[in-house]
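Numbering (our numbering), first residue to last: 243 to 392.
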């Protein structure tokens with residue numbers, strides 16, 4: 243009788259350990275599918291707030307990048323499909339956008355509100371020629387302009 247209780251106890255403990263492992267693995271897989279989009283959005287907001295990243299994210303002097311596509315600077319020129327942004331180091335970056343590219347500030351904004359002299363943070367994909375295709379453009383509030391740290 244004692245041996246039977248011991249086998250049942252071992253089976254229950256083994257079932258609990260296996261169930262916990264499967265649950266942990268499932269939770270890790272679920273979260274890994276959610277993390278990249280949230281992470282990029284959080285990074286964009288962090289940089290847009292005027293705070294610089296450490297070197298591991300690819301931040302370089304005068305330009306903020308995550309995978310080559312996060313840029314902050316003053317708008318030098320604008321047309322229907324592109325912006326030219328002045329970088330803190332004196333260089334510039336061409337940004338391409340489409341009618342579907344969101345433009346935001348603390349509240350929603352439009353492409354018409356992006357103007358020469360305004361400071362913007364752009365999230366997008368770096369192109370081989372050094373330009374960026376924007377996935378979003380954020381207008382920086384007046385009090386943050388000129389306060390982006392190196």
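Each residue gets a CB set at the ideal place from its N, CA and C atoms; glycine is no exception.
Hey, how far is the Cα of residue i from the Cα of residue j?
{"i": "residue 339", "j": "residue 354", "result": "13 angstroms"}
{"i": "residue 312", "j": "residue 331", "result": "15 angstroms"}
{"i": "residue 257", "j": "residue 245", "result": "18 angstroms"}
{"i": "residue 342", "j": "residue 272", "result": "29 angstroms"}
{"i": "residue 351", "j": "residue 260", "result": "51 angstroms"}
{"i": "residue 297", "j": "residue 254", "result": "The predicted model places residue 297 with a pLDDT of 33, which falls under 50 and marks its position as unreliable; any figure quoted below should be read in that light. Residue 297 and residue 254: Cα-Cα distance of roughly 49 angstroms."}
{"i": "residue 372", "j": "residue 337", "result": "9 angstroms"}
Given that a residue counts as buried once 16 or more other Cβ atoms are within 10 Å of its Cβ, and exposed if not, what is residue i?
{"i": "residue 249", "result": "exposed"}
{"i": "residue 315", "result": "buried"}
{"i": "residue 376", "result": "buried"}
{"i": "residue 252", "result": "exposed"}
{"i": "residue 335", "result": "buried"}
{"i": "residue 303", "result": "Because the pLDDT at residue 303 is just 37, under 50, the model does not fix this residue reliably, and the value given afterwards should be weighed accordingly. It is exposed - the Cβ of residue 303 has fewer than 16 other Cβ atoms within 10 Å."}
{"i": "residue 367", "result": "exposed"}
{"i": "residue 362", "result": "buried"}
{"i": "residue 264", "result": "exposed"}
Where DSSP assigns a beta bridge to residue i, which residues make up the other side?
{"i": "residue 367", "result": "375"}
{"i": "residue 468", "result": "The chain is shown only over 243 to 392; residue 468 falls outside these bounds and no answer can be derived."}
{"i": "residue 338", "result": "324 and 375"}
{"i": "residue 380", "result": "346 and 363"}
{"i": "residue 317", "result": "327"}
{"i": "residue 312", "result": "365"}
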